[in-house]
Amino acid sequence: MSKVGALVVVRPLRESELDSMVRVWTSSGLPCRPRGRDSLRALKAQRKADPKLFIGAFRHGTLVGVALVSDDGRKGWINRLAVVPEARGRGIARKLIVESERILRARGRRLFCVQIEGYNKASMELFERAGYKKEDDIFYFTKREIKSY
Numbered sequence: 006m007s008k009v010g011a012l013v014v015v016r017p018l019r020e021s022e023l024d025s026m027v028r029v030w031t032s033s034g035l036p037c038r039p040r041g042r043d044s045l046r047a048l049k050a051q052r053k054a055d056p057k058l059f060i061g062a063f064r065h066g067t068l069v070g071v072a073l074v075s076d077d078g079r080k081g082w083i084n085r086l087a088v089v090p091e092a093r094g095r096g097i098a099r100k101l102i103v104e105s106e107r108i109l110r111a112r113g114r115r116l117f118c119v120q121i122e123g124y125n126k127a128s129m130e131l132f133e134r135a136g137y138k139k140e141d142d143i144f145y146f147t148k149r150e151i152k153s154y
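Heads up: the sequence shown begins at 6 in this note's numbering, then just goes up one per residue.
As structure tokens, this is what we get:
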């Protein structure tokens with residue numbers, strides 16, 4: 006658990022806080038699929054596998070930022086990082102990145118990755134300031150067997 010100033014605490018999310026995590030995504034403008042991968046049922050199942058990978062930032066006891074961490078066995082991933090608009094500019098996203106990296110280092114990962122949608126310039130700038138490098142020669146492909154979320 007870490008603190009940003011005296012007002013923000015970063016810690017793993019409890020199962021009862023997953024609905025608040027979805028609200029952070031929505032208020033932040035992050036795409037959300039509540040009938041698919043972001044349903045409470047799906048999130049609860051994912052969290053149950055490894056609760057430490059669901060991270061929340063709380064300001065005055067209210068969830069204001071989140072990140073999902075994953076580990077593919079070779080690389081560590083920071084996924085779905087979001088901070089509500091009214092809490093931005095206070096170092097919360099940076100603290101979520103630092104905590105995500107700490108968790109991944111404890112698992113033996115030394116390569117940290119993030120995927121950012123092309124329109125999200127603010128996130129690109131955030132991760133560049135955190136030491137991440139844009140890889141222009143890597144392309145992201147998907148194969149979706151689910152037609153609709």
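Heads up, the beta-carbon is just placed ideally off N, CA and C, and yes, glycines get one too.
Residue 68 sits away from residue 85, with the two beta carbons spaced by 8 Å or more. The distance from the Cβ of residue 108 to that of residue 58 is about 7 Å, consistent with a contact at the 8 Å cut-off. In terms of CA proximity to residue 128, 99 leads the group 99, 43, 149, 92.
Going by C-alpha positions, residue 130 is about 12 Å away from residue 123.
Counting only residues of its own chain and dropping the five nearest sequence neighbours on each side, residue 133 has a CB closer than 8 Å to the CB of 139. Residue 33 and residue 125 have their C-alpha atoms roughly 11 Å apart.
In this structure, residue 16 and residue 81 do not form a Cβ contact; the two beta carbons are roughly 19 Å apart against a cut-off of 8 Å.
For residue 44, no alpha helix (DSSP H) encloses it, and the DSSP letter there is neither H nor E.
From the listed residues 50, 63, 24, 78, the smallest Cα separation to residue 115 is found for 78. In terms of CA proximity to residue 145, 118 leads the group 118, 55, 137. By the neighbour-count criterion, in which a residue is buried when 16 or more other Cβ atoms sit within 10 angstroms of its Cβ, residue 105 is buried. Residue 93 is not a Cβ neighbour of residue 13, given a cutoff of 8 Å.
With a contact defined as Cβ atoms closer than 8 Å, residue 35 and residue 111 miss out at about 26 Å.
Under the 10 Å beta carbon count, residue 43 is surrounded by 16 or more other beta carbons and is classified as buried.
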